[in-house]
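Shown next as structure tokens:
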């Protein structure tokens, strides 16, 4: 029983049913609203059972032409995304010999991806982030003056002016860690958290990162140790002080989302904006109805919220500010002796009534059962 077979499928995801054939399945590590983007791609050769085309098309077409889910316009990803409702098989491209071979004459699509941020402007605001600084080293710009200068990236309007959420990003990096030099280089290049709408680097000392940008000092000991049965970083007490310092800085009030990023995390803020669009639209709809949003936090790993990237809506942070953080500390929502700050934050958010939204397309990490290298996914 079959409806469609791809004769040449890149990045196959599914179950092997014979030595040369896979039963395609949706990649549950990627969110449904992105059509489980990034796997089972390629339509170089397809077989369709004639009598199954119209029934399959009736399911496929609404998945592709959905204005609320623009990532589903990739018809190959969309077909894979509905493979739990249709019978779709694929020959992995790695099979040799397979049914099809591609001549090594190049691919415009692969070239577009390869040259992001170097020679070609395609989709680069999704990687650069919307930043009001000029970056002469980039082949196109994502700042407010690029239209006048005529050097905007092709996705500038979509990324920076169409229902775009503003991100306030922060990181904690003590001055003695080797990552401090990397964060300073990010500040000078305008990448990582410096591609967000606003950012703060918390540290143990007041140190200049670039002209006009200094660290924000967190008082007390910032040394954390491994412990507990899973050998997690026991750093909850440190991040309690970081959050309180963040409230004093107050910059989060002006932005839709607050994002904590570990200093050693590869972070592309433009991609995160794509992830939070749907949540931002929901919050706007509630406001129009006169309903105050309860706040949202994104759970990025199958095991729960994990620390490299923590994303909270402004209303979720306000729950912490308005007595919620002290309440979670006083009511011991987590065990600091065996759990880290990420477990505390997730439990605290739930305790305070914020909504948890699973988005496993945010983070690629070994702890979550994935290999982050090579970095070829569409993750944040």
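Residue numbers (this note's numbering): 89 to 468. The beta-carbon is built from N, C-alpha and C at its ideal position, and this holds for glycine as well. Because the structure is a prediction, the values reported are computed rather than measured.
If you run the structure through DSSP and keep just helix, strand and coil, what is residue i?
i: residue 320; result: strand
i: residue 106; result: strand
i: residue 542; result: Lying before the first or after the last residue shown, residue 542 is absent from the chain, which here runs from 89 to 468.
i: residue 305; result: strand
i: residue 338; result: coil
i: residue 112; result: strand
i: residue 149; result: helix
i: residue 183; result: coil
i: residue 392; result: coil
i: residue 158; result: helix
i: residue 330; result: helix
i: residue 167; result: helix
i: residue 173; result: coil
i: residue 221; result: coil
i: residue 460; result: coil
Can you pull the DSSP bridge partners for residue i?
i: residue 129; result: 98
i: residue 134; result: 94
i: residue 397; result: 349
i: residue 385; result: 400 and 444
i: residue 315; result: 320
i: residue 229; result: 240
Please name the residue in the options whose C-alpha comes closest to that of residue i.
i: residue 382; options: 356, 414, 391 and 401; result: 401
i: residue 318; options: 304, 257, 386 and 391; result: 391
i: residue 263; options: 298, 180, 145 and 310; result: 310
i: residue 277; options: 285, 298 and 268; result: 298
i: residue 468; options: 95, 313 and 122; result: 122
i: residue 293; options: 287, 389 and 302; result: 302
i: residue 307; options: 324, 329 and 288; result: 329
i: residue 92; options: 106, 153, 154 and 164; result: 164
i: residue 395; options: 274, 413 and 258; result: 258
i: residue 61; options: 363, 360 and 335; result: In the structure displayed, the chain extends from 89 to 468; residue 61 sits before or after that span and is not available.
i: residue 448; options: 235, 213 and 385; result: 385
i: residue 268; options: 284, 296 and 409; result: 296
i: residue 325; options: 432, 98 and 95; result: 432
i: residue 408; options: 423, 321, 435 and 342; result: 435
i: residue 410; options: 108, 332, 143 and 427; result: 332
i: residue 352; options: 404, 274, 346 and 140; result: 274
Can you find a heavy atom of the ligand NAD that lies under 7 Å from the Cβ of residue i?
i: residue 222; result: For the ligand NAD, the structure offers nothing, since it holds no ligand at all.
For residue i, count neighbouring C-beta atoms within 10 Å of its own C-beta (all shown protein chains included) and say buried if the count is 16 or more, exposed if not.
i: residue 89; result: exposed
i: residue 176; result: buried
i: residue 450; result: buried
i: residue 414; result: exposed
i: residue 387; result: buried
i: residue 418; result: exposed
i: residue 412; result: buried
i: residue 221; result: exposed
i: residue 150; result: exposed
i: residue 454; result: exposed
Check whether the Cβ of residue i lies closer than 8 Å to any Cβ atom in chain C.
i: residue 274; result: In the structure shown, chain C does not exist; there is a single protein chain.
Entirely within the segment 236-299 and at least 4 residues each: give me those alpha helix (DSSP H) ranges in chain order. 244-248 and 267-277
Runs of alpha helix (DSSP H) wholly within the segment 399-450 (minimum 4 residues, chain order): The segment 399-450 contains these whole alpha helix (DSSP H) runs: 402-407, 413-418 and 429-439.
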